[in-house]
Every structure is written in C-alpha cells, then in structure tokens.
C-alpha cells in the first residue's frame, strides 16, 4: 500500500506548502462580491485596459476614462473630464479635466491624459484601440486641466472610442518602454487609477479584490470592498449567486426564469446592442440570387422563435438596427411565409443551385440557447428545402476559418453570428463594408455591395448627428432590400443582483461598457 | 521522452485551427492587418515551425518556459507551478478516497459474491462509472452547494478571508468526493474481478485446505496477488483523472492545472499549453515508474526493466 | 495417453453457455438490453414523432400521453430523441470499443511477449500517448477530424487503447514467467502462436471487462466531447449531447425530464452491458470453478 501512503503524503505536503495558519475567516463587512466578468461583456484575467476587447464594467470600477456613456447608453458624459466640447467641424475635441487624484495621492493632470492617449494610439503598446484612433492627428495639453485632441479627418466614432481609453498614470508607467508594457506585472499587482475603488490583490484565476478609495472626489464609497470572482461558466456563477456567495452576476437569458418571482433577487434587463444574423458567404455561388436570400428570410419564423426561445425578450430585426430613429418607414418586414419562400426558391431554380445538399452553418455560439435557436432554424429551413447543418466551434477556430484571406467556402457557406449595432450605430461598418473584407477587417461574409458601401461611408463621414441618423436609415434600407445578411433579431441580456444590494447600476453594455455605474454609491443592506 | 512529448504537442497544437491572435480578435474592435502582423511577429508566430520549436526548446532547457500570451506579465513556469499544489491536493484527496473506498468495497463484493451487498455495491459502482463527470459535478454542485448549502459553490478559499485549513477543507471536500466517484468505481470493479480470479488459484485453495482462516486467506495470500492489476489501474487512473479533473475544476473553479489548460486551449495560449503539458507529462511518467516499482514490490518475480 | 473423454460431456462452448444461463445478473442484463435494442432499432415503425421535428408551441412540456418523456427546449419529443440518441451513442461506443480493443491487445501483447526491445519501444510509445492531456488530445484530434460519427469513433478509439495495453502487458508479463509459456517458447513457438494461443485466452477476462467498461466509457467520452462542442453535433441526437442540456440551470431544475431520461437510458444500458460482461467473464474463464 505504498501508493496510498504516497498519495496521502502528497496531499499533506500540498496542504503544508499552502502555508498553515489557523485563523478563522475575517468578517465580511460591507463587501460586495460579484461575477463582473461573467458572460459576453466580461474578459476574465485581463488587467490591461489597453488590451481590453471587453471587461470594461469591472475595469471602470478602479480606472476611469475622460468620458463615458450614461447608464442608458444614450449619450456621452464626462468622468475625468468635467466637460468636453466638439468643434462644429467635428475635428477638434477639447476636454476640461476634473480635479482628481491617483490612488497613490499624486494629482491627475493633462500630462497623464496625453501620455495615455500616446499609449492608446501606439500599436506597439499592445493597444487594441490604435486602429480606431488612426484619425487622431495630434494631442495637446495646453495647461494642466485641458486636453485637446485634433483629428486629421472627421470620424464619427471618436467619442465612442474615447470612452474606452482608461486614464493611466504617467509617473508609474513612463519608465517602461511601450513594447514591454503589456508584459509588465504592474497591471495585476499594483495598478493605480483614479476610480472609487483601489486595487488590493489578485488571487490567480480566483478573484480580484478592491478596497474603497476614501479620498474619491465623488465622495467616500459606501462599500468597503468589491470582489470580482472568476467563474469558468455562467452555471457556476449562478450556483454561487443562489448559494449567497456572490451578490451579482450576468445570467444567460434561458436561466432567467429561475430567478423570476424570487424576492431575494432582482433581474436587470437591458438591450444587448448586438444584432444576430445569418451571414451569407457571398463568395459561395449558392447565395448569388437575391431571391434565395429572401427565401431564407421568409422561411424563418422569427416571431415564434422570439416568443418561445427568448421568452419575448428580443426584437425582430429587418436590418442591422431596431432603434426607431435608425429604421426608415416602409421597409419589408419579411413576415413568416414558407409558401412564398418555396415559390422564390422555385423561381430561382434552387434545385439546380444546390438542392438538398448539406450547407454548413458555422457559429461560435455554444450556449444552450444558441443550440436551440439553430435547431429551430434548421428545422424551419428544411421545410422549404434548404438543408443546413449547424456546426458550433470555439472562437479561435471560427476566426481562423472566417478571417482566412483565402477562405474555404465549403466550411462556412452560412454563419450565425452577432455584431454590435450600438450605442454607436457605426459599429456595424466593419462587418459589411467592402473595405473591411479580410485580411483588412472582419467583413467575414465578404459583402461587396456598392450601395451599402456608399451609405456606410456617408454615415461615417457625416459630422452632424441628426443627418447621420438619416444616413444610417439608408444603410438600413439597403440591408433590408439587398440582404447581405438574413438579419434575425436584437435580444435582451440579463444580470441578476441580490435584493440586499442598493443603488446598484449595471447594464449589459457590449464589451461591458464602460458606462456611468457610480460604484461609490453601491451599498449593502440587510 | 519529454522531448518527444514536446515535439508531439508542438506539432498537434499547430494543427489545431486558430492561433492566439484568432482567439484574441473581437470583430467589434477591428484591428488593422498591419497591427495583427505586428502582434504575430512579436510572438514569433511568423517564423518557420522548426525555428519556433528550437527557439522554444533553447529557452526551455534553461528552465525558461516563456511568457503566457494572454497574460503577458506572467511567466509560464510560475503559472504552472502555482497550479500544481491545488491540483495535487484535489487529485490526491480524490485518489485517497477512491483507493480506500474502491478496495474496501471491492474486497467485500468479491468475498460475498452475488449477495445483496455485492449487488448494491456493483450497481453503485456502475452508476458511478456511467455518469459523466460534468453531469455529476453539476448535480453535486446544485444539490450540496445551492440547495443544501453544505459546501461552497466553488473556488479554493473564501475570497477576501484569511487562509485557514478549515476553509480549505470545506472547499475541497465536495469536488474531491465527486472526482473520486469514477475512480473508486473503477478500482472497485477491478479489485472485485481480480480477487475472484485469485481466489480460484491453487495456492489459495491450498491455504484454505490447510485450514487457514478465510480472513487471513484473503488478507495474506489473495489480496497481495489480486492487487497487481489493480495497481495498474490506479496508476493509469491518475492519467485519466486529469481528464475528470478538468471538468471538476472548471465547474468548481478550482485553480488547478485543468482550469489553466482549458483556459489556455480556449485562447490558444501556446506557451502555457506546452509548459503545462510538459509538466503533466513528467508527473505521469513518474507515476508510471512508481507503478512499475510497486509491481516489483508486490510481485518479486517481475524485474523492473 | 489419456483416456478419451466420455461422449456425453458437453464441450467448452456449451459449458460456458450453460454457466452464463445460470448467472442471474447476466440474464437480467440481457433482459434489459434486448428490448432496448429492439425499441431503438424499430422506433420509426411505431412512434409518431421524428427526432428533429420542432414544435415551438409545445416546448418544455412535461411527460404527457402524447409525449411520454416530455419535450425539449424547441419542442422536440424527448422519447424519440432518447431512442435516436441510443442508436448513435451505441454505434459510436461499440465501433470505437472494437477498434481500441484490437489496438490495445496487440500493443500490450506484443510488448509483453516479443522481447525486451519491442517492450521498451512500445511501452514508451504507450507512455507518450498516456501523458498527453486528454482534453488537448481530444480537441486537436477532433478539430482535425471534424465532428460527426466517424471522427468521434476515431478520436475515442485513439484515446482509449493505452490503458488496455498496459493491463494486457501486466497480465502477460506474469504469464511470460509461467512454465507452459516458457516451454512453448523453448520449443520455438512464433510470436503469432504466443499471441493468440497463450496471450488471447489468458487475457480474455481483461478484454471482456475492458470492453464492457469501455462501451460505457466511450458513451461518456462522447458526452464529454459534446460538452466541449465536438463529438456528435446537435441537432443530431446522442445521449451525450442530450445530457448537455443540464448545463443550463433552468433545465437542471425546472425541466428535469430533458436530462433524466437520456441519463437514465445511458445508465441502464451501461448497467446491462456490464452485467452481461461480468457473466461472459465468468462463463468463458477456463479456470472458473464448476460450482
């Protein structure tokens, strides 16, 4: 029985390595724990805001940008900028900075802001924002409280991008060369920001702990600590929430029913700003005929799927947008009509084009909800004679297939995907503009539609907000008639918070925001 | 051996579709092709494969396994080493539970063959073997953590609390018990069938004929010989337990190698996968060696080759 | 010369069959698996629903007279999916078990009986395969091979054989030192003779126990593959991917029939197969006592 002894010895020594101290757990006074990085808006294990493609809900608890969205994601408001001004030609942005202090007590000045902009615009630092800040021609700091950003060409998405630029302290980071910055341990050991909470520790893959920043300019936070726990999947986070170990997490929409009607929890519902679509691979000959693409729209009973699978919490989309100001009157609603779909397919000669040969429907969505949606889509399309076979793969596999400059058309004749359509309506440009065909960008369906390009370019270059909406209506009209995608719906997303938590602000913003969450006001009642 | 393993893993990884950059791209945050190329060349992904491998090997020999791609501030060696403790603790506890439970029930079943006790143990073992690790983990989590509240729902320590052994054990017991089910069931079945086999051998009959008490027949003569195939099974379940541990660790958020690997595979974090595989491989080799040595101890006829 | 055996004594096959017939557990297993197989194979003839028929108006309904096992998240009949899933799961399990048993036996036996060199090389190779973390191995194999029945069989077979070959080797290493093997070696028996005349009969119990457990294991591996988004891709049904519905808390808690029935079918099938395997082991064992 040597093995048994060995195993127990190993177990014991492992316990000893862990460091033996017999101290009872400290009392958990005014600590809010949550799964802030659970779900599609989260980015567990990332501490570097320059490299963040998501996870801003959490990062903005201790870092702050100059400007951010309000909690409804409708307008951009100041955070570290008390106010901002945009010149009439949309080429100059002037930010008046607030009186703020870094967590180590040093004052925040325009020099820090200029330094941060420099890092964000430099691809060498690992910044994912560099491409989006390409339009910026200069950044000036005329005095300690003013930052002026000048553009070389008008770019409507500049303010949206600015909300994602978290201010970083020059005095802590200037000594590190830009190309070494991402490798530095500073991010996960001793980062300092200006937010209402300051970083205390990170326990690898377990949790991040923040403590109240008592000198916060917006007032002393009500909570003493905020803990962000990491979960490998939403089911584990829900278990922890229901066991009372955490007070908040994102919840997949098909699990929401578990919490409805439960007094102990509050369900927060919000627009996902992500439009789901079936993307036709326009390099595949089978989708050439617009009648075939129309038939797909008519064949799918979107209302039934929304009513049953989404429990009503989604809006059918007849173009990339569902917001009133972006959708023009009189577009085709593509009401469910399988007979019309069959007729269109007959007219197009579908039996010659493809017939009942299997068509791969590629997706990176692996949630139970998506599996059900695809099963429904498959069944509906097969009724009109289109035989799709869903194939769910992980994100890297998906990207390697669809972003390949020389794609294998047989592997993705159709994709089921989602793309952000707000709060900045211009977000969809990258998925549809011909200029964004891989490798240049993520126009994975290889849409080459001159009218659509024209409408998108016009919208992006339009300085006037009201006129811009008009251009996006044109985009919508073209999408609705030419069908680069079979647009499906924009679904709602959910978070669930314990009823004990007061003044908690959360919204399922794409990428986690950022938005004005006022973490300093969050509190725990009994 | 480890060299062969590292070559194999290296090649297999490069055959997997998608690279670290593919895992990182978010279609909503477009990056220019130049920027992607820059990132790939920073990571050395644009060089020919043999060059990449040799560069990795050269560093690995000096004990430098490189940096994680996703967490660029983390050296791979530190990350992997910090996970060995928790995983060994989890798997060790599970193994101890499994061996004790498996051998005890196996012996009882074999000596009371076809009795109700045997039958119920066998059925229990079969149910244990036949429930997928992720399902029993999900159900166990739901029943014991959510409904009954006997155990925490995950993690290794209470966040924000000071370290204590009691807290650790509290977090350990549920995942370890769930992880041990399949192993215990497997050990029990092999123990039972192997002991039945041995009980039919001549020397056992001789011992019985000599009038040795049944307890001593089993304890002194039969058990030792019956353990031989069981030791193989125990040795190999350690390799397999890593598989089960991956599901348990991801459901219970146990900060071990399994969780590290799953996350690394999702993000195609090559250096982590290489480093972790290598260290797991080294552990399995050591365990197999120990298995062989244990044979020789149990059965003196076998020389360790 | 030995006396000729009396003609009324039954042959070994008949004896084995007789012993099997007296094993209650084994017969119980047969009584479960045969009706199950019959239902699985014949369901299109007598059941009204098809596995991929959706009905969004009747989703998540509990067991009723029309839907005996209830319906799933898109209103498909769970009963028919359990049967269809059984077809696919058992097909995958049996096929992959046969392949991996052949590989495992050959490698293990050759390693034990073909001399030191072969032993060293093959066992190092087995070690190499066993040291690969299964998830990586599965992921890589499956992503190269793709999803579907064929690739799943391939992946599971390639992952499963090393355990068997180690067990076969350890059994035959012991055998190698036995007198009758030493004798037949001394008389110049070839490797083929050693493998199939001595190796196979002496490892038949291991093979049978392995095969039965491996069928269960293969079903579970298939489920694990589906959990990772590989294996049998939905909407095709398999017991494994049906169990995945339990990932959703709502299904786990509120619609238990969606995972209890496939889970129950899986456990029942595995249980029955194991009983049969045990019975076979006892029946074929040439050393088993006639009691």
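Chains as they are written, first to last, in the working numbering: chain A, 0 to 525; chain B, 5 to 309; chain C, 855 to 1145. Here a beta-carbon is modelled for each residue, glycine too, at the ideal position from N, C-alpha and C.
- By the 16-neighbour rule on beta-carbons within 10 angstroms, residue 287/B is buried.
- In chain order, 906 and 1089 make up the part of chain C whose C-beta sits under 8 Å from the C-beta of residue 377/A.
- Beta-bridge partners of residue 925/C (DSSP): 931/C.
- Beta-bridge partners of residue 10/B (DSSP): none assigned.
- Interface annotation for the stretch 306-317 of chain A against chain C: 306, 307 and 308, criterion Cβ-Cβ distance under 9 Å.
- Annotated three-state conformation of residue 208/A is strand, per DSSP.
- With a beta-carbon spacing of about 6 Å, residue 498/A and residue 264/A fall inside the 8 Å limit used to define contacts.
- Separation of residue 1072/C and residue 231/A (C-alpha to C-alpha, rounded to the nearest whole angstrom) is 25 Å.
- For residue 299/B, no chain A residue has a C-beta closer than 9 Å to its own C-beta; the minimum C-beta separation is roughly 11 Å.
- Contact between residue 925/C and residue 907/C is absent: CB atoms are separated by about 10 Å, not below the 8 Å threshold.
- DSSP, read as helix, strand or coil, puts residue 1131/C in helix.
- Annotation: residue 893/C has no Cβ neighbours in chain A at a cutoff of 8 Å; minimum Cβ distance is about 24 Å.
- Residue 186/A sits in a helix when the DSSP states are folded into three classes.
- In the three-state DSSP reduction, residue 247/A falls in the strand class (E or B).
- Put simply, the stretch 325-336 of chain A does not touch the stretch 411-419 of chain A. Fewer than three CB pairs are less than 8 Å apart.
- If you draw a 10 Å sphere on the C-beta of residue 66/B, you find fewer than 16 other C-beta atoms in it, and that means exposed.
- At a C-beta separation below 9 Å, residue 183/A has these neighbours in chain B: 76 and 77.
- Closer than 9 Å at the C-beta level to chain C, one finds these residues of the stretch 135-149 of chain B: 135, 136, 137, 138, 139, 142, 143 and 146.
- Taking all protein chains in view, the Cβ of residue 872/C is surrounded by fewer than 16 other Cβ atoms within 10 Å, so the residue is classified as exposed.
- In the DSSP annotation of this structure, residue 300/A is not part of any beta strand (DSSP E), being labelled neither H nor E.
- The Cβ atoms of residue 60/A and residue 67/A do not sit closer than 8 Å to each other.
- Each residue's CA atom was taken as its position, placing residue 197/A and residue 183/A some 19 Å apart.
- The stretch 227-297 of chain B contains, as complete alpha helix (DSSP H) runs of 4+ residues, the segments 227-256 and 261-270 (chain order).
- When Cβ-Cβ separations below 8 Å define contact, residue 253/A makes contact with chain C.
- Taking a Cβ-Cβ threshold of 8 Å, the residues of chain C close to residue 257/A are 1103, 1104, 1107 and 1108, in chain order.
- In this structure, 196/B is the residue among 74/B, 196/B, 285/B and 62/B with its C-alpha nearest to the C-alpha of residue 118/B.
- Of all alpha-carbon atoms in 307/A, 186/A and 218/A, the one lying nearest the alpha-carbon of residue 168/A is that of 186/A.
- Taking a cut-off of 8 Å for Cβ pairs, the stretch 934-951 of chain C and the stretch 1077-1097 of chain C touch, as three or more such pairs fall below it.
- Between residue 278/A and residue 413/A, the gap from beta carbon to beta carbon is short of 8 Å.
- Taking C-alpha positions only, residue 18/B is separated from residue 390/A by approximately 22 Å.
- Excluding sequence positions up to five before and after residue 161/B, its CB lies within less than 8 Å of the CB of 167, 171, 172 and 175, all in the same chain and listed in chain order.
- Cβ atoms of residue 164/A and residue 116/A come within 8 Å of each other, at about 7 Å.
- For residue 103/B, DSSP records no beta bridge to any residue.
- Taking CB atoms only, residue 253/B has no neighbour in chain C less than 8 Å away.
- The secondary-structure analysis by DSSP pairs residue 419/A across a beta bridge with 273/A.
- Neighbourhood of residue 984/C in chain A, by CB distance below 9 Å: empty, with the nearest CB roughly 17 Å away.
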